[in-house]
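So for the sequence shown, this note's numbering puts the first residue at 2; every next one is plus one. Note that the Cβ used here is the ideal one computed from N, Cα and C, for glycine as well. Owing to the predicted nature of the structure, the values given are computational and were not obtained by experimental measurement.
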Amino acid sequence: MIVEYANMVIVALVLAAFIMTFVARSFLVQGSSMEPTLHHGERLLVNRFVYRFSEPERGDIVVFRYPENPRQMFVKRVIGLPGDLVEITGGVVYVSGMGLVEPYIAEPPIGEYGPALVPAKRVFVLGDNRNCSHDSTYESVGMVPYSSIQGKAFLVYWPLGQIRTCKNPSYSGVPDVPGSEMAIVPGTP
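Below, the structure written as structure tokens:
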């Protein structure tokens, strides 16, 4: 009986180690750059496997390595995909000429950015707390290479009273396939 129990525990530990190494990983949210969606001190489960078979999608919340210090991880939302023209002007984020409706942000962005074309195998990311986020609008972060992305956040599991899934918003009017429509910069005919 004790041997069977010990074997079950060993199998469970090996399985848990495999899952945490190759499939999912825990991530601690540090700072306020993703508020009101994610809060300082919350813990996420990040799917490390999903981008082995697919590419990031607009709206995904991703964890990636900070280019200037690869040991430091950032968490942000994917806004622009390869081929997208991204611009921030007048408090609105535009992707390929379409203004995004972003109910998940607390206040609109103050600064201006772009227009900038997202290169192949890279994404443009922003924090949901637009005015308090070190993101793709900063040269030190820039367009994030796919190779720096560690995974997609899918679950907030801590604190226990705040357990919830990480949902992708719908971006009406923005082409699903970047470059499939002519990019129109706001203010141009």
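*Based on the DSSP output, what are the partners of Ala-154 in its beta bridges?*
Counting from one through the sequence shown, the residue named residue 154 turns up at place 153. In DSSP, Ala-154 forms a bridge with Val-47.
*Return the chain-ordered list of same chain residues with a C-beta closer than 6 Å to the C-beta of Ser-173, the five sequence neighbours on each side being excluded.*
Walking along the sequence shown from the start, residue 173 turns up at place 172. Excluding sequence neighbours, Ser-173 sits near nothing in its chain.
*Can you tell me which of the three DSSP states Arg-195 falls into?*
As displayed, the chain neither begins before 2 nor continues past 190, which places residue 195 out of reach and without an answer.
*In terms of DSSP beta bridges, what is Thr-90 paired with?*
In the sequence shown, counting from the first residue as 1, residue 90 sits at position 89. In the DSSP output, where bridge partners are listed per residue, Thr-90 has Val-93.
*Nearest CA to the CA of Met-144: which residue from Val-157, Arg-123, Ile-164, Lys-77?*
Position 143 of the sequence shown, counted from the first residue, corresponds to residue 144. It is Arg-123.
*Where does Arg-59 fall in DSSP's three states?*
Position 58 of the sequence shown holds residue 59. Three-state DSSP puts Arg-59 in coil, outside helix and strand.
*Contact between the segment 121-141 and the segment 78-96: three or more CB pairs below 8 Å?*
yes
*8 Å Cβ cutoff met for Val-79 and Pro-57*: Here residue 79 refers to the residue found at position 78 of the sequence shown. Here residue 57 refers to the residue found at position 56 of the sequence shown. Yes.
_DSSP-derived helix/strand/coil call for Val-30_ = In the sequence shown, the residue the question calls residue 30 occupies position 29. Three-state DSSP puts Val-30 in coil, outside helix and strand.
_Distance between Leu-45 and Ser-33 (C-alpha atoms, nearest Å)_ = Your numbering for residue 33 matches position 32 in the sequence shown. Your numbering for residue 45 matches position 44 in the sequence shown. Whole-angstrom Cα-Cα distance: 15 Å.
*Using three-state DSSP, classify Ile-80 as helix, strand or coil.*
Here the question's residue 80 lines up with position 79 in the sequence shown. Strand.
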